[in-house]
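Visitor:
Protein chains in written order, with this note's numbering: chain C, 24 to 272; chain A, 74 to 569.
#1: Would you decide whether residue 93/A is buried or exposed? Buried here means 16 or more other CB atoms lie within 10 Å of its CB.
#2: Any idea which residues DSSP pairs residue 250/A with across the strands?
#3: Give the interface partners of residue 396/A over in chain C, defined as CB-CB distance under 9 Å, in chain order.
#4: Any heavy atom of the ligand COA closer than 7 Å to the beta-carbon of residue 94/A?
#5: Shortest alpha-carbon distance to residue 335/A belongs to which of 415/A, 120/A, 310/A, 375/A?
#6: Reducing DSSP to helix, strand and coil, say where residue 70/C ends up.
#7: What is the rounded straight-line gap between the Cα of residue 272/C and the Cα of residue 368/A?
#8: DSSP on residue 145/A, reduced to helix/strand/coil?
#9: Quick test of your reading: residue 158/A and residue 510/A, contact by CB under 8 Å. State the CB separation rounded to the nearest angstrom.
#10: Mind pulling the chain C residues with CB within less than 8 Å of residue 275/A?
#11: Taking only runs of the alpha helix (DSSP H) that begin and end inside the stretch 84–159 of chain C, which ones reach a length of at least 4 residues, in chain order?
#12: Say whether chain A places a C-beta atom closer than 8 Å to the C-beta of residue 10/C.
#13: Roughly how many whole angstroms lie between the Cα atoms of residue 303/A and residue 268/A?
#14: Can you name the residues of chain A whose CB is closer than 7 Å to the CB of residue 165/C?
#15: The beta strand (DSSP E) that contains residue 439/A, what's its start and end?
#16: Would you call residue 149/C buried or exposed, if buried means 16 or more other Cβ atoms sit within 10 Å of its Cβ?
#17: If contacts are defined as beta-carbon pairs under 8 Å, then residue 254/C and residue 151/A qualify, I think. What distance do you get, rounded to the angstrom?
#18: In this structure, what does DSSP give as the bridge partners for residue 336/A?
#19: If I measure Cβ to Cβ from residue 269/C and keep anything under 7 Å in the same chain, skipping five residues before and after, which residues do I get?
#20: Decide if residue 87/A is buried, meaning its Cβ has at least 16 other Cβ atoms within 10 Å, or exposed.
#21: Would DSSP call residue 216/C helix, strand or coil?
#22: Hey, how far is the Cα of residue 382/A from the Cα of residue 238/C?
#23: Helix or strand or just coil, what does DSSP make of residue 118/A?
#24: What are the start and end residues of the alpha helix (DSSP H) that includes residue 179/A?
#25: Considering only the beta carbon of each residue, do residue 395/A and residue 447/A sit closer than 8 Å?
#26: Please return the same chain residues whose Cβ sits closer than 6 Å to the Cβ of residue 115/C, not counting the five positions on each side in sequence.
#27: Just the C-alpha distance for residue 167/A and residue 134/A, rounded to the nearest angstrom, thanks.
#28: Going by Cα to Cα distance, which pick from 339/A, 505/A, 462/A is closest to residue 570/A?
#29: CA-CA distance, residue 545/A and residue 507/A?
#30: Beta carbon of residue 562/A, beta carbon of residue 430/A: below 8 Å?
#31: Does the beta-carbon of residue 110/C have 16 or more other beta-carbons within 10 angstroms, so that it is buried, or is it exposed?
#32: What's the gap between the Cα of residue 74/A and the Cα of residue 354/A?
#33: For chain A, is any of its Cβ atoms less than 8 Å away from the one on residue 74/C?
#34: Going by the DSSP bridge assignment, what does residue 473/A pair with across the sheet?
#35: On the premise that residue 62/C lies in contact with residue 260/C, defined as a C-beta separation below 8 Å, what is that separation, rounded to the nearest angstrom?
#36: If contacts are defined as beta-carbon pairs under 8 Å, then residue 274/A and residue 340/A qualify, I think. What distance do you get, rounded to the angstrom?
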């Protein structure tokens, strides 16, 4: 086994562990932290089912963002939807035999690669062109976009510029999952692509990418508007001491 | 105080270009030790404040899932950047909601996150320094906690929660705001924001009884501390003396009178306002709210009704059940608490009130949705009842009603510019500039429909508009209470 294979195998174990443990830890912190008061933001549903629907519309259609700013919505939604297709397309490198629907969506996954780049380009352009967004952008915001653009570009390069040995690559990842290490093809575009993806996985739990799990825990979005009907207590509000209770009753 | 120019109203609303530091000079007066101590805060900025502030911030975040998520989740997409009335009115980029959050987020990152501890420059993390504290004091007192940005944020990030946390941290190190803290101290000591003692209140109410008798010939009562009344009315103390608030109080009294509902005010809880919300301090929030439970129990009432007050209704609707509930001692057939608009609309719907629209024939009315009512509460049992119910009441009382532009009402309503503990003369420039988006929308209906009456259901909105309307060339008495309209239209002494 080459040193290259060994380094990449270890890199992906570390990256996967960092992603799973890091995101799991943040989710545990969010879940453990109490929300002492009711703060749903309108349009707030009055039932649990309504909240599920609201959250579904938020994470699939970005409803609030659509209402807020059509350009950000267009670029942001395009990027996220395309990213989803691209990720699903990549399932073929991790499954044997490849599932039927994954085979069917392969061509769409390729187009999605371009849509993803277009969305990212739009979002990045706003960071330079819109003075308000320029003001709030820190170096990490630019770096994150650069990372995603480089991942998409290196991926597309393997499709259109310099093919890699896709069969060997698949063997590498299938083996990785069962601790049976196979040789990784030493193509530059692939090596760059994989390093960047691993980097993304590692920074995920310590960066703004936490918006992905975070949105589900956001009290303003996930609380039911029923403060008068259901007495809500959590954290400090469970510990309110009422000394005068006996006085009038 | 620096001179300033009232921002011009254009033909259309515009998003201004960023002008850094445009409002850097805006800071409210700081609280003196006398204002701080009754609230349990240090009298002045303590020597090791940096450490205390950072510790307090960590505590607050660990006690609030909202803060925990909001501080992590922002992606700086920019959706909120043109949503704050203070940004639209001042062009200061630190009044963009995300930039305001970042004042606190940068400190949180520095001390509590991996990226901020090890790569501060990369993620914009900052040490807690005097410069940062000065920025906090200036710009966390340029947020009215109106929650408009949260409606437009894809993650529901609510800048109000962050502003409240920042103010709580500042109070904890001895840097309080005079206006809010002085008022809360008065509530603790005397029972209302004005420091109006019981006998003076009785005197005022006697005067009102005489006025109403003179105007209508009917004996409408304004009861105080009457045990056994069905309803305890809790209303902002501005309703007792300020114009146009007082017309609203007269309206509530006439509604109760016409419906034959016995009611009372309480000298122990003669104030609906709870400014502790503004400073984000839950001990004070609970303590101020507790007076109302005590008063309700002592007077043996069956219902608690809240008058026209925006943040008070948010506290009552969203927090009372948590803070001072359960309300198992009240009549379960009514929501607890109930908004005066819910009472009035229910009576109108059942035909229990006789209303004569011609009494308001001189008025073309529009309605300003108050931020805390719109985005922090509800009325009735349907989502959006807080928008339909006041409008339904107005339509029942006036001949001509028009709404302002859709992006400026309902859940997207603009704050009046004076909410969240900013209704003080030391912030007049901010208040006038922050009113710009509302004034823009108002101007449009004035020009197109001849609107001459701006109705509201919030004491702060009413006081704020009384002050700022003249800056935009409107008469100060253009603003009025919704129940002022009811008061004009209601016909007493007839059986419907």
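In this text, a Cβ means the ideal position worked out from N, Cα and C, and glycines have one as well.
Fair warning: this is a prediction, and the values are worked out from it, not measured in the lab.
Guide: Reading from the atomic positions:
#1: Looking at its Cβ environment, which holds fewer than 16 other Cβ atoms inside 10 Å, residue 93/A is exposed.
#2: Note: residue 250/A sits in a beta bridge opposite 103/A.
#3: Those are 60, 260, 263, listed as they occur along chain C.
#4: Because no ligand of any kind appears in the structure shown, any question about the ligand COA cannot be addressed here.
#5: Ranked by how close their Cα comes to the Cα of residue 335/A, the residues 415/A, 120/A, 310/A, 375/A have 375/A in first place.
#6: Look at residue 70/C here: in three-state DSSP terms it is coil, with no helix or strand label.
#7: Note that residue 272/C has pLDDT 36, beneath the 50 cutoff, so the model's placement of it is unreliable and no number is given.
#8: Helix at residue 145/A.
#9: That belief holds up - the Cβ atoms of residue 158/A and residue 510/A are roughly 5 Å apart, short of 8 Å.
#10: None at all; the shortest Cβ gap to chain C is about 22 Å.
#11: Counting whole runs of 4 or more residues, the stretch 84–159 of chain C contains the alpha helix (DSSP H) stretches 86–91, 93–112, 123–127, 129–152, 154–159.
#12: Nothing about residue 10/C can be reported from this structure: the residues present for chain C run from 24 to 272 only.
#13: Rounded to whole angstroms, residue 303/A and residue 268/A show a C-alpha spacing of 27 Å.
#14: Within chain A, no residue comes near residue 165/C; the closest Cβ sits about 10 Å away, beyond 7 Å.
#15: Going by DSSP, residue 439/A is part of the beta strand (DSSP E) stretching over 437–440.
#16: Counting Cβ neighbours within 10 Å, residue 149/C comes out buried, since at least 16 surround it.
#17: So it is not a contact: roughly 39 Å between Cβ atoms.
#18: In the DSSP secondary-structure assignment, residue 336/A is bridged to 304/A.
#19: Any answer about residue 269/C is weak, because its pLDDT of 44 lies below 50 and its placement is not dependable; what the coordinates show is given next. Excluding sequence neighbours, residue 269/C sits near nothing in its chain.
#20: By the neighbour-count criterion, in which 16 or more other beta carbons inside 10 Å mark a residue as buried, residue 87/A falls on the exposed side.
#21: For residue 216/C, the three-state secondary structure derived from DSSP is helix.
#22: Using only the alpha carbons, I get a separation of about 32 Å.
#23: In this structure, residue 118/A counts as coil in the three-state DSSP scheme.
#24: Residues 170–185.
#25: Not closer than 8 Å, so no.
#26: Excluding sequence neighbours, residue 115/C sits near 121, 125.
#27: Those two C-alpha atoms are separated by around 22 Å.
#28: No statement about residue 570/A is possible, as the shown extent of chain A runs from 74 to 569 and does not include it.
#29: Answer to the nearest angstrom: the Cα atoms are 12 Å apart.
#30: Contact: yes.
#31: The residue in question, residue 110/C, is exposed, as its Cβ has fewer than 16 Cβ neighbours within 10 Å.
#32: Low local confidence applies: a pLDDT of 48 at residue 74/A is under 50, so the model's placement there is unreliable, with the coordinate-based value given in what follows. Rounded to whole angstroms, residue 74/A to residue 354/A spans 29 Å at the Cα level.
#33: Not one chain A Cβ lies under 8 Å of residue 74/C.
#34: In the DSSP output, where bridge partners are listed per residue, residue 473/A has 437/A.
#35: About 12 Å separates the beta carbons of residue 260/C and residue 62/C, which is beyond the 8 Å limit, so they are not a contact pair.
#36: Contact holds; Cβ gap of about 6 Å.
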